Each structure stands twice: as structure tokens, then as C-alpha cells.
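There are 6 protein chains.
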Amino acid sequence: MDRGKRALAEIDGQAGQKVIDALADIAPDFATYLFEFPFGDIYSRPGLDLRSREIATIAALAAMGNAAPQLKVHIEAGLNVGLSKEEIIEILMQMAVYAGFPSALNGLFVAKEVFSDR
Amino acid sequence: MDRGKRALAEIDGQAGQKVIDALADIAPDFATYLFEFPFGDIYSRPGLDLRSREIATIAALAAMGNAAPQLKVHIEAGLNVGLSKEEIIEILMQMAVYAGFPSALNGLFVAKEVFSDR
Amino acid sequence: MDRGKRALAEIDGQAGQKVIDALADIAPDFATYLFEFPFGDIYSRPGLDLRSREIATIAALAAMGNAAPQLKVHIEAGLNVGLSKEEIIEILMQMAVYAGFPSALNGLFVAKEVFSDR
Amino acid sequence: MDRGKRALAEIDGQAGQKVIDALADIAPDFATYLFEFPFGDIYSRPGLDLRSREIATIAALAAMGNAAPQLKVHIEAGLNVGLSKEEIIEILMQMAVYAGFPSALNGLFVAKEVFSDR
Amino acid sequence: MDRGKRALAEIDGQAGQKVIDALADIAPDFATYLFEFPFGDIYSRPGLDLRSREIATIAALAAMGNAAPQLKVHIEAGLNVGLSKEEIIEILMQMAVYAGFPSALNGLFVAKEVFSDR
Amino acid sequence: MDRGKRALAEIDGQAGQKVIDALADIAPDFATYLFEFPFGDIYSRPGLDLRSREIATIAALAAMGNAAPQLKVHIEAGLNVGLSKEEIIEILMQMAVYAGFPSALNGLFVAKEVFSDR
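Residue numbers (the numbering used here), protein chains in the order written: chain A, 48 to 165; chain B, 48 to 165; chain C, 48 to 165; chain D, 48 to 165; chain E, 48 to 165; chain F, 48 to 165.
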């Protein structure tokens, strides 16, 4: 769990902490699971670097097209672990091929929002 | 279109050619679009390396969970452009976090099939 | 249709009536279908109790992740037919396993909104 | 219900009857609902011709990408109500724009199977 | 590309131009792809009339349920190419059969918004 | 992890063990995560009984429509924890309302296969 907390702080920064805080009064155990499984287990595995992991996550969330808040957090996270804005745009444009132009467009507009907030 | 044909051959190899061949008697124009947009336009862009592009595609197809034949082609493609088997397994396991354990499991079993065919 | 109207009133309460009212000027026949098929036919069947039916609906809507307004109505409905807040939280957390953490998180935040409105 | 049975026979032909038969020993009431709501209610409405209704259904099923058996039935149904093979191919190719190339490809291969069975 | 620009202007009108404008500072190449593939290639093909193409698109976007902004644009586009409001309502109601009542309801409320804006 | 192994054995029985075995040569760590998070953490929580948990899982997997192997395992699991065949049929039919008739039909045919294998 400590490993997960450190990974979450490193990757998602303040955006991740806000999610944890928002869970406190409704499902505090779910915050524990978020630390333990995605961050303590998966993101801490040595077999794939964090930059590659964020490429995978941004692509998946944009393709699924039903998780805009989490896509926002992970576009932030991608910038935190070394992806450039240009690379993130490339990933999102590529999703037009696999999930259609609407998913790509909606992902690009989430990125636009994140980039202009910085 | 020539750029797309070269990109398709480099990335997808024989698996890509089989898809093109299967379209010949039903929708030959769609083969042209496949050459032009995904491969001639998107995969040929310089802003993201092919290894990163295949990470994004494998993640998206596994997360969507409704495109097993294309996931198979792109696990092959990932190996062709330099991803290791271990890295592909990491990407697929990570999808449990974003799309659930069934999508990850079904992706892992597609990978198992590709790896054992080689 | 009368059976459906009574079932809708019992299960969805005011939230269901608002949906019916909103359809009046655009698709009044669709309100009739809503009374007849989901409520007159399905929810009125004796083979499964209403509490179990709402567990199924909350789980499905959270897992699909593209129907937030309907998930809100059915979290209300779940409380109306006897599910506790804690049980609804359990159902939503469980969806992390089958549809990923984003679907579970987005469902939990819909529940948070419903619970604080009461 | 009689109206639904006639509509199902006209639109889906033998393929629809096979689905009804397969339900007999597991969920016979569901066959009744299939007659009543989709066919007795929706497809019998005068506001949209059957050709247009089948365009909508083929597009939706191909885009969702998780209902191959039903897509097969409705490609048959499209031919039954006057769509040409070429028009069906156009609809399926167009889905590449909205749901990605994999959904379009998988839909085209379902059509190929239907066309060669005839 | 010129053909695509003309098709986009004819079909999507001002709503399409707004999307193109919004891409200018984040992904201008994606606007080019939008002109070229969906509009220059697909919508310009002679094998299916524009009215039928918009039926397919409205159905697909409503069924997928994760692309409300694009559904709004294409309900406008449907009206532009000759669909009546009543026909668009029929298409959306029919999606209850294939994608469930929530997708149909959410589509109907997008249509209500478009119709009242006119 | 021991708690998860016991829960998996109780709920999924042999079908769960087969999944674990199939992972051994490709992703053995993923079997560990399956024991730990879904079964050790979620299914072992006291706030919701196993019968209710399986209602939620069967509903979600049928609604998503892209996880037939897992739906099969959980229809078995539902029978193991006390759901009757009739109740499982009710859950699957209800999914027609929320995810469309194709998802319900495909779920019913998975159930038919499980019931006839017993």
C-alpha cells in the first residue's frame, strides 16, 4: 500500500489525490484498493516503463470513450512521466483508427483542456 | 497509398496482407482506405515511434474487448516493431485496471495463441 | 400499461415521472413503451424480487459507463425498494473487477450525488 | 403480438424463426417480448420505412461490435426489405468513421459470410 | 480534400466548421484527416445517398452512447440532408431495441435540444 | 491471497481453476492478482451476500456483451451460490431493457449452454 501511495503521487500528482479525497466520505476502502492494485501492484511492476504504461492508459481511456475524468487525470500523468504534448496528441489521433473519429475528437478536446489549464 | 502499403507490410506483415486479400471480393475500396488513412497517414507520422504506436493500439483493442482478430494482428505487429512478449503481457495485464479483468484475460489468451503459433 | 405505470411509480418514484414528462413534447409514444415493456412486462414478472432486479440494473448501468442519468434514477430506485446505501456502494465497487476502476469510480460519484441530495 | 409475428416473418424470415425456436426451452416469454416490442411496436410504426429501419439497425450493430449473430440476421433482413449488397457494404464501411476500422472490418466479414451463403 | 470540405459544409454546416476551428490550435492535421477520410472519401461515395448515410450515423452514435457532441452534429446534419424530425425520432426510439432504453432516451434528449435550438 | 483462493474455489469452482491454470505459462502473476483483488478483497467483503454479488456480475457481463467466457463462469458461479436457473434467466431477460435485445439474447444462449452441460 505504501508503494502504491508513492506511485500514485509520482504519476498522478494532485489529480490523483483529489480522487482519493473525494472517496473519503463514501467509499474509503475503494481508495485503499486504488493504492493497492493499480498503483501498488500494476504500475510498480518493473517489466514496462511508466512512459509506456501511460501511453497504454491514455489510448485505452480515449478508445473506450466513457471515462473523461480519468482520461484527464492520465493526460496529466503522461506529462508527469515524460510524454510530450505532441506525443499525447499523436496517441489520441491514432484512436480514430481503432475507436472512430468521435472518440479521438473527444479525447483531443480533453487534452486541449488539460494543456490550457497548465 | 504507396507509403501506406510499405507501412502495412513493415508493421503487420503477412497478417495485414491476409486482411487485404479477404477484402478483395467484397469491399476492395476499403483495402485502399486501410492503406491510406491508418497506415499512409497515421502510422507514417514522425511524432511517435512505431513501438509506442503499437502499445497504444494493443491497449485500445484489448480494452474495447470486441475486436479479437485485430488484437491478434497487432500483438504480432508489436513483436515486429520491437516489443518483447513480456512487455505485451504487461500492457494486457494493465488493462484489468481500466477495462476490467475479463478484457485483460481475453487479451492474455489472444497473446497466448499468438506466441504459441510462432 | 396500468401495471407498468404502477410499477414505475413504486420503483422509480418522482425521478421516473420526470423522464416521462420530458418525453411528452418529443416522443410521447416512447413513454408508453417505457411503461409497457420495462415496467409492465419485465419488472412485474414474479420470478425475481425487485431488490434483486435493482442490483442487476445498477451493476449493468455502472459497468456500461455511458448512462449516468439512468444510473442516478436506479440508485434512487434501489433505495426505494430496500437496498441500503452500503449495499449500493458494494455493487459499484465490485464493478471495478468487471468494467475497470473508471466505471466504478464514476458510479460511486453518481451515488455520492444521490445520497447527498436526499 | 400477431402484428409482431407478421413483421418478424416479413423482415427476418427464417433467421428470425430460428432465434424464436432456440428460445423455446429456455426463455419462451422472451420470444413473446421479441414479437411484441421490437416487431409489434417499433418496426410496425408508420413513421419510417423498413429499408431505413434496417439501415439504422445494421449500422448500430456493426458499430457496437458485440452482436455478430444479430448483425448477420439483420444483413439478411436488409436484403429482404430491399437494400442491395452494395448499399450494405457502404453502411459497413462508413462505420469505420464512427466506431473504428475493426468494427467496420468485422462487419464486412459478417456480410461476406451472409452473401456467400445465399 | 476539396471534395471533403464541400461535403462537410453541405452536410454538417456550421456545426462541422466549429469542430474544425476548435482543432486549429491543438491538432490541425486532424482537421485535414476529417476532411479527407470521412467526408472526402466516405460521404462522397455514390453508392449510398446522404439521407441513408445520416440514418446510419445517427443510429450508430446513439447506440454507442458515448459521443453526445457528435450525435448532436449529426442530428443537425440529418435535418440538413432531408430527414424530418419525426424520422429522426423514429431512428432514436428504435435504438432501444438494439442498445437499450438508456441509449434511446439519451439520444432523444439530444434531439430535443437540437430541435429547440432551431 | 489464501482468502481469495478459498473464495474463488467456493464461488467459481472448477471453472475458476481452469482460468488460473491457463494463465500459468503466460502470466502467472495475473493469477495472483485474480486471487487477491476480485476474490480476496471484493467477494470477501461482508457488506453484500454472494447471491447478490453474482446477480450484479451476471448482469454486468451480459450488458457489456464482450465477455462470453466470463459470463459462462459466472452463470455457473450463480448456480453455485444459490441462484436458481429461473432467476438467472430473469436477470438476463432484464438486460434487454438496459443493453438491448442482442445482449440479452446472447446471454440467454450462454445460459442455455451452461444449463445443458450440467
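Glycine included, each C-beta is placed from N, C-alpha and C at the ideal position. None of these values were measured; they are calculated from a predicted model.
Every alpha helix (DSSP H) of 4 residues or more that sits fully in the region 100–152 of chain B is shown, in chain order, as 115–127 and 132–146.
Cα atoms of C/Ala103 and C/Phe156: separation of roughly 19 Å, rounded to the nearest angstrom. Non-local beta-carbon contacts of F/Val161 in its own chain, meaning distances under 7 Å to residues more than five positions away in sequence, involve Lys119, Ile122 and Glu123 in chain order. Annotation: the continuous alpha helix (DSSP H) that includes F/Arg50 extends over Asp49 to Leu70.
Rounded to the nearest angstrom, the gap between the Cα atoms of E/Ala56 and C/Gly129 is 54 Å. A/Tyr80 reaches chain F at Phe84, Asp88 and Ile89, counting residues in chain order whose Cβ is nearer than 9 Å.
Between D/Ser150 and D/Ala106, the CB-CB gap reaches or exceeds 8 Å. Neighbours of D/Pro116 in chain B, taken as residues at a C-beta separation under 9 Å, are lacking, since the least C-beta distance is about 14 Å. At least one beta carbon of chain A lies nearer than 8 Å to the beta carbon of E/Ile73. A/Asp76 sits in a helix when the DSSP states are folded into three classes. Chain-order list of chain E residues neighbouring C/Val157: empty, with the shortest C-beta distance near 13 Å, by a criterion of under 8 Å. Shown in chain order are the members of the region 135–146 of chain F whose Cβ falls below 8 Å from a Cβ of chain D: Ile136, Leu139, Met140 and Ala143. Within chain E, the residues Tyr145 have their CB atoms less than 7 Å from the CB of F/Pro149, given in chain order. For C/Gly112, the neighbours in chain A by C-beta distance under 7 Å run, in chain order, Asn113 and Ala114. Using a Cβ distance threshold of 8 Å, A/Glu101 and A/Gly125 count as a contacting pair. In the three-state reduction of the DSSP assignment, E/Arg98 falls in the helix class, which pools H, G and I. E/Tyr90 sits close to E/Ala54, with the two beta carbons spaced by under 8 Å.
Three or more Cβ pairs drawn from the region 136–153 of chain A and the region 70–87 of chain E lie within less than 8 Å of each other, which places the two stretches in contact. Counting the other CB atoms within 10 Å of its CB gives A/Pro93 a total below 16, which places it among the exposed residues. For C/Gly94, the chain F residues whose Cβ falls inside 7 Å of its Cβ are Glu133, Glu134 and Glu137, in order along the chain. In this structure, the CA atom of C/Gly112 is about 8 Å from the CA atom of C/Asn153.
Using a CB distance cut-off of 8 Å, F/Leu152 counts as an interface residue toward chain D.
Here D/Leu97 has Val128 as same chain residues with Cβ atoms under 6 Å from its own Cβ, once five neighbours each way along the sequence are excluded. Within the region 55–71 of chain A, the residues whose Cβ lies closer than 8 Å to any Cβ of chain C are, in chain order, Val66, Ala69 and Leu70.
Close to F/Arg100, with beta-carbon spacing below 7 Å, are these residues of chain C in chain order: Gln141. About 17 Å separates the beta carbons of C/Gly60 and C/Gly87, which is beyond the 8 Å limit, so they are not a contact pair.
Annotated three-state conformation of F/Ser163 is helix, per DSSP.
Check the Cα spacing between D/Lys132 and each of D/Phe148, D/Gln117 and D/Arg165: the tightest is with D/Arg165. Listed in chain order, the non-local C-beta contacts of F/Phe77 below 8 Å within the same chain comprise Leu70, local neighbours out to five positions each way being set aside. Taken atom to atom, the span from the alpha-carbon of B/Lys65 to that of B/Leu139 is near 25 Å. Using a Cβ distance threshold of 8 Å, D/Ala158 and B/Ile73 count as a contacting pair. Inter-residue distance for E/Ile58 and F/Glu134 is about 49 Å (C-alpha atoms, whole angstroms). Around the CB of F/Ser99, 16 or more other CB atoms lie within 10 Å, so the residue is classed as buried.
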